[in-house]
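Read in order, the letters of the sequence shown are residues 423 to 856 in the working numbering.
For glycine and all other residues, C-beta sits at the position ideal for the given N, C-alpha and C.
Remember, it's a predicted structure, so these values are computed and weren't measured experimentally.
Some notes on the structure that comes next.
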Amino acid sequence: MKLPVRVTAPAAALLLAGLTATACAPQTSDGKAATDEKSGTLRVWLFQEVSNKPKEKVVEEAVAAFEQRNKGAKVEVEYIPVETRAQRVKAAFNDPESAPDLIEYGNTDTAGYVKDGGLADISAEFAAWDQTQDTDPTARQSVTVGGKVYGAPFFVGIRALYYRTDVFRELGLTAPKTQAELVETAKKIRKARPELYGIAVGGAYTYGAMPFVWAAGGELATARGDSYEAAVNSPEALKGITTYTSLFGDDNCPAAKCAQMGGNATVTAFASGKAGMAIGGDFSHAAVEAGTVKGKYAVVPLPGTTPGSIAPAFAGGNNIGVLKSTSRRTLAVDLLKSLTGKETQGRLFDAMGFLPTYTDTRAAAAQRQPFVKPFTDTLAAGTKFVPASPGWGQIDASLVLPTMFQEIVSGRKDAKAAADDAAKKMDAAFAPAG
423 MKLPVRVTAP AAALLLAGLT ATACAPQTSD GKAATDEKSG TLRVWLFQEV SNKPKEKVVE
483 EAVAAFEQRN KGAKVEVEYI PVETRAQRVK AAFNDPESAP DLIEYGNTDT AGYVKDGGLA
543 DISAEFAAWD QTQDTDPTAR QSVTVGGKVY GAPFFVGIRA LYYRTDVFRE LGLTAPKTQA
603 ELVETAKKIR KARPELYGIA VGGAYTYGAM PFVWAAGGEL ATARGDSYEA AVNSPEALKG
663 ITTYTSLFGD DNCPAAKCAQ MGGNATVTAF ASGKAGMAIG GDFSHAAVEA GTVKGKYAVV
723 PLPGTTPGSI APAFAGGNNI GVLKSTSRRT LAVDLLKSLT GKETQGRLFD AMGFLPTYTD
783 TRAAAAQRQP FVKPFTDTLA AGTKFVPASP GWGQIDASLV LPTMFQEIVS GRKDAKAAAD
843 DAAKKMDAAF APAG
């Protein structure tokens, strides 16, 4: 008999407070639990997706298998908004008694969470797990800090260009081959179909904007010894920023509506039939398939600045980690294996389109579903990552880059002034991070 997963819906009142944990063990001075209980309730925080039901079903199956193996253990899963993860996780690190046992976290958060002392070092368990020999090297790197492993990769996240085949056919358009063509195509769609955004873009969609910076030869930051120096205000970066922000306006995506949009909002706009194009991830596939555009869209790699080139995409993805404060470490690691193992990742791909982090599982998935090709082509063309610094977590949580984009598209500052201000804030975050 399948045992149900108890899911608690996120509520506004809980965003900063966290939930009261069940019977926590005493904590040591470094936040590490003093005991390792072999029964009881484990609490897990996972991210809420645009279309979350398929993810919940896969998680229920993984949890049921875990509970079957561990008769005295139960699991409670809570799905939390990605946008408020910084506050929730910080509160959990500061108050171990209300913290979950495991969390899903973005791979950009690894270094910061390790510096904060919140994640458990599971290097020994990871090395002894036979499945990890097939882990993609980039995914393995995403859970590694200072040679130690602080979690297991959950999925790879790569973005590409979704477009409406019916709208393109009606207007006689073809998929853009360069970013200049992308801008031109977006404005043609908006002019012919003013009820649509030509391409849905968001001022708070950092990882949709970054390929424009990278394609122009810019960087977020450059390494300086053991630290980083902001480069977002370089001439190359400014060229990419200008291309991206040119998409905000009445001739494509009005700033009044689009300046505050993040990645989920742009995908929702596309899936609901309100946009001709959008930059979405392999992980957006389920939401688009569940929308009104099902059967009326296609995906190609986001173009670069020259014909036939592919813009470097952010090497995204999520991991799952065990909190250092858990009083059930052995059980928590076993649950982590259920949630991130090959079987679960294969099911997540089928349900959500999440690319597996295991090379063999990903190859098998690509054979089953041809929609993966634009994303694997983008992976093969070369990807970029954020600075491997604890300071990046502060930069991300402080919305430094979204603020920069919003200042530009609102007309409060020109691109150079906004980028210079963003660079100062980034350097301030990098400095103490070391």
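_Proximity below 8 angstroms, CB of Trp636 to CB of Pro734_ = yes
- request: Give me the Cα-Cα distance between Ile525 and Ser760, rounded to the nearest whole angstrom.
  value: 14 angstroms
Compare the C-alpha of Pro518 against each of Thr463, Thr530, Gly540 and Asp531 and name the closest.
Gly540
Does the stretch 804-818 touch the stretch 839-856, meaning 3 or more C-beta pairs lie closer than 8 angstroms?
yes
Alpha carbon to alpha carbon, how far is Ser564 from Pro575? 7 angstroms
- Roughly how many whole angstroms lie between the Cα atoms of Thr554 and Thr825? 39 angstroms
- prompt: CA-CA distance, Gly462 and Thr688?
  reply: 41 angstroms
- Query: Which word fits Glu617, buried or exposed, when buried means at least 16 other C-beta atoms lie within 10 angstroms of its C-beta?
  - Reply: exposed
Taking 8 angstroms as the threshold (C-beta atoms), are Ile580 and Leu777 in contact?
yes
Hey, quick one: how far does the beta strand (DSSP E) through Ser649 stretch, first residue to last? Ser649 to Ala652
Item to check | Coil, strand or helix - Met699 by DSSP | outcome: strand
Taking the beta carbon of Asn516 as the centre, do at least 16 other beta carbons fall within 10 Å, making it buried, or is it exposed? exposed
Using DSSP with H/G/I as helix, E/B as strand and the rest coil, what is Asp836? coil
Sub-8 angstroms separation of Ala720 and Thr587 beta-carbons:
yes
Could you check if Ala697 is buried or exposed, using at least 16 other CB atoms within 10 Å of its CB as the buried criterion? buried
* **Distance, Ala608 Cα to Phe771 Cα** => 30 angstroms
Within a Cβ cutoff of 7 angstroms, which residues of the same chain sit near Asp531, ignoring the five residues on either side of it in sequence?
Gly815
Would you grab the beta carbon distance between Leu758 and Ala582 for me? Rounded to a whole angstrom, and I think it's under 8 angstroms. Not confirmed; about 29 angstroms, so no contact.
**Prompt:** With burial defined as no fewer than 16 other Cβ atoms inside 10 Å of the residue's Cβ, what is the status of Ser510: buried or exposed?
**Reply:** According to the sequence as given, residue 510 is Arg; it is not Ser. Buried, by the Cβ-count rule.
Assumed close pair Gln767, Tyr780 - CB separation to whole angstroms, cut-off 8 angstroms: 6 angstroms
Neighbour flag for Lys696 against chain C, beta carbons, 8 angstroms = In the displayed structure, chain C is absent; only one protein chain is listed.
Original post:
Is it right to say Lys847 is buried, meaning 16 or more other beta carbons lie within 10 angstroms of its own, or is it exposed?
Top reply: buried
query: Where do the N-terminal and C-terminal ends of the alpha helix (DSSP H) with Arg465 fall, by residue?
result: Unbroken run through Arg465 is the beta strand (DSSP E), Gly462 to Phe469; no alpha helix (DSSP H).
TODO: Give the DSSP bridge partners of Tyr619, in chain order.
DONE: Ala697
query = Lys806 bridges to which residues according to DSSP?
reply = Phe736
Worksheet item: Quick one: does the C-beta of Asn674 sit closer than 7 angstroms to a heavy atom of the ligand SAM?
Response: As presented, the structure is devoid of all ligands, the ligand SAM included, so that no description of it is given.
> Can we say the stretch 743-759 touches the stretch 489-501, given the rule of at least three CB pairs closer than 8 angstroms?
Replying inline: yes
Note to self: By alpha-carbon positions, which one of Pro522, Thr506, Ala508 and Lys512 ends up nearest to Val497?
What the structure shows: Pro522
Rounded separation between Asn674 and Glu592 - CA only: 18 angstroms
Check whether the Cβ atoms of Gly775 and Ala708 sit closer than 8 angstroms, and answer yes or no. yes
Buried or exposed: Ile746, going by 16 or more other Cβ atoms within 10 Å of its Cβ? Looking at the sequence provided, one finds Lys at residue 746 rather than Ile. When all chains shown are included, Lys746 counts as buried.
Return the first residue and the last residue of the alpha helix (DSSP H) that Ile611 is part of. Gln601 to Ala614
The alpha helix (DSSP H) with Arg507 in it runs from where to where?
Arg507 to Asn516
C-beta contact flag for Ala638 and Glu606 at 8 angstroms = no
Suppose contacts are defined by Cβ-Cβ distances below 8 angstroms. Is Lys477 in contact with Glu483 by that definition?
no
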